[in-house]
Amino acid sequence: MNRKNFIKLGSLGLSSLGLSSAGMRSWNNTIQKPIVLSTWDSGMAVNEAAWKILSANGKSIDAVEAGAMQIEDTINCCVGLGGYPDRDGIVTLDACIMDEHANCGAVAGIEQIKHPISVARKVMEKTPHVILVGNGAQQFAIENGFQKEPPVLSPSAEAAYKEWLIKSEYKPVINIENKKQGNGPFAPAFFEDGSPNHDTMGLVAMDMAGNLSGAVTTSGMAFKVHGRVGDSPIIGAGLYVDNEVGAATSSGVGEEVIRICGTHLVVEFMRQGYSPELACKKAVERIVKRDPKKAADIQVGFLAMNKKGVYGAYAIQKGFVFSVKSERENVVHDAKFIL
Ligand code: ASP
Numbered sequence: 055m056n057r058k059n060f061i062k063l064g065s066l067g068l069s070s071l072g073l074s075s076a077g078m079r080s081w082n083n084t085i086q087k088p089i090v091l092s093t094w095d096s097g098m099a100v101n102e103a104a105w106k107i108l109s110a111n112g113k114s115i116d117a118v119e120a121g122a123m124q125i126e127d128t129i130n131c132c133v134g135l136g137g138y139p140d141r142d143g144i145v146t147l148d149a150c151i152m153d154e155h156a157n158c159g160a161v162a163g164i165e166q167i168k169h170p171i172s173v174a175r176k177v178m179e180k181t182p183h184v185i186l187v188g189n190g191a192q193q194f195a196i197e198n199g200f201q202k203e204p205p206v207l208s209p210s211a212e213a214a215y216k217e218w219l220i221k222s223e224y225k226p227v228i229n230i231e232n233k234k235q236g237n238g239p240f241a242p243a244f245f246e247d248g249s250p251n252h253d254t255m256g257l258v259a260m261d262m263a264g265n266l267s268g269a270v271t272t273s274g275m276a277f278k279v280h281g282r283v284g285d286s287p288i289i290g291a292g293l294y295v296d297n298e299v300g301a302a303t304s305s306g307v308g309e310e311v312i313r314i315c316g317t318h319l320v321v322e323f324m325r326q327g328y329s330p331e332l333a334c335k336k337a338v339e340r341i342v343k344r345d346p347k348k349a350a351d352i353q354v355g356f357l358a359m360n361k362k363g364v365y366g367a368y369a370i371q372k373g374f375v376f377s378v379k380s381e382r383e384n385v386v387h388d389a390k391f392i393l
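Here this note's numbering = 1-based position in the sequence shown + 54.
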């Protein structure tokens, strides 16, 4: 290629070729595996936990469960028992898991159980069902050896809830990372560890055998109506895995993701030949096109990888980041965005 053509190609932009600058690094003829991707920078520690299994030739399903458990064990605004409660002051958790055979399991609105991801896995492995909710999910967990934890809020969640109670405004917003949203519960550095707004943890992994799995775990939207379920535990919304094509996960306003069957859509775009990044972009565009005005005030991000270990992400707004771990990389990337 001569210099002129090279410059022309450059001005087209990588994305018009279906390549992201991040995905480009892994875009060659070899399949990049094992590899794990997860939402947000809290994904670095999550990936580390998953990597222990992947690098020892373990299975991707075990890796994604271990990754999700790692963050469920930490105090985080948006995952696990330390997460923000609903508007009644109760922490309810959602999680799902899916393997390379399209086996899947999920729990929604489960209370006082530390590792909803492992309950989701038990639903997948021990029942003919896909989703258990609320008291039934908790009862199933206890029957399967999970301990019922005391219903206490973490100090950070309690402080956020008390602040929210002052106005008690039912306005569940998802933080848009690049926009200051007052001194509310989503104000940066609210947590003692100084971390900004971590959100739902979604991760997808490919093991040495080339098999894909994914997991999602969350406390859902802060101060939601008791009983509300978002996209995170819904297969095809918060997570989808098709071992022939790729896997995708999401974070952000769950209602908008459910409306478009978001991660299923991303995987279907990859099946049509789009790169993971472009597939995510097209799904985000679907949300924005439906209601551009609403989209201006919300955040949704998709993260995906295909069977070659090429990955990509896209969000409505600036600020969605994701973590990648493979033999070549251990990094946090900024996702591209539309608005
Ligand atoms: N997607 C989650 C939900 O709607 C929220 C998040 O990503 O933080 O429950």
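Ideal Cβ positions, reconstructed from N, Cα and C, are used throughout, including at glycine.
Unbroken beta strand (DSSP E) runs of no fewer than 3 residues, entirely contained in the segment 242 to 329, are found at 255 to 260, 266 to 272, 293 to 296, 300 to 306, following chain order. Of the candidates ASP127, LYS362, ARG325, LYS362 places its Cα closest to the Cα of THR84.
With 16 or more other CB atoms across the displayed protein chains lying within 10 angstroms of its CB, LEU135 is buried. Short note on CYS132: C-beta closer than 7 Å to some heavy atom of ligand 1.
Here the alpha carbons of GLN86 and VAL279 stand approximately 42 Å from one another. Between PRO139 and ALA211, the gap from beta carbon to beta carbon is short of 8 Å. For VAL354 against ASP95, the beta-carbon gap comes to about 18 Å, at or over 8 Å, which does not count as contact.
The Cβ-Cβ distance between ALA337 and GLY366 does not fall below 8 Å. ASP261 sits close to ALA117, with the two beta carbons spaced by under 8 Å. Within the chosen limit of 7 Å, ligand 1 does not reach the beta carbon of ASP142 with any heavy atom. Put simply, the backbone Cα of PHE200 is about 24 Å away from that of ASP142. Ligand 1 approaches ASP253 closely enough that one of its heavy atoms is under 7 Å from the residue's Cβ. Note that the C-beta distance between ALA104 and LEU257 is below 8 Å.
The Cβ atoms of GLU119 and ILE151 lie closer than 8 Å to each other. Take ALA174, set aside five residues on each side of it, and the residues of its chain with a beta-carbon closer than 6 Å to its own are ALA149, CYS150, ILE151, GLY159, ALA160, VAL161, in chain order.
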